[in-house]
Every structure is written in structure tokens, then in C-alpha cells.
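Asks:
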Amino acid sequence: MAKEKPKAYIHTLYEVDYNNKSVSLKNKKCPRCGNIMAHHLKPVERYQCGYCKYTEFVVKK
Ligand SMILES: [Zn+2]
């Protein structure tokens, strides 16, 4: 039985602009440890670092 290939995780983190041939990070980087932060929408929109638990709340204007 063939196992399903795991999705390339890196593709979820980067946004590739083929017109400009540039790659940009979708998510923020943790200002404390430099790792990529996860984006959460619930219960409140925020970015959280999975490594050092640094959290940055998204303030809606
Ligand atoms: Zn961090």
C-alpha cells in the first residue's frame, strides 16, 4: 500500500510571485528567536511563535 506523500511544508510558508520572480514570506518572523510564526484566527487574530511562545496580536483598525 502506497503511502501518501507528505505535503512540502515550505510551500505553505512562502508566496512565489512568478511575474516578478520573487519569493516572499507569508508569515511573520519571530522578533525574539527568528523562527516563523503561526497565524491564528481564533479566538483572536494573532501570530504566535511555536518555539518561544512569543505572541503578537493583530490590531484591527
Ligand atoms: Zn520565537
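Under the UniProt record's numbering, the sequence shown has 43 at position 43, and the numbering climbs by one with no breaks. Glycine residues also receive a C-beta, built at the ideal position from the N, C-alpha and C atoms.
Roughly how many angstroms separate the alpha carbons of Y51 and F57, rounded to a whole number?
Replies: By one-based count along the sequence shown, residue 51 stands at place 51. By one-based count along the sequence shown, residue 57 stands at place 57. Between Y51 and F57, the C-alpha separation is close to 17 Å.
Asks: Candidates C33, N35, N27 and K60: which alpha carbon is nearest V44's?
Replies: For the purposes of this step, residue 44 is taken as residue 44 along the sequence shown, with counting starting at 1. Of the listed residues, the one whose Cα sits closest to V44 is K60.
Asks: Report the partner residues of Y47 according to the DSSP bridge assignment.
Replies: In the sequence shown, counting from the first residue as 1, residue 47 sits at position 47. According to DSSP, which records beta bridges pairwise, Y47 is partnered with H39 and E56.
Asks: Residues in the same chain with beta-carbon distance under 8 Å from H40, minus the five sequence neighbours each way, listed in chain order, please.
Replies: Taking the sequence shown and counting its residues from 1, the one referred to as residue 40 is at position 40. Excluding positions up to five away in sequence, the list reads R46, Y47 and Q48.
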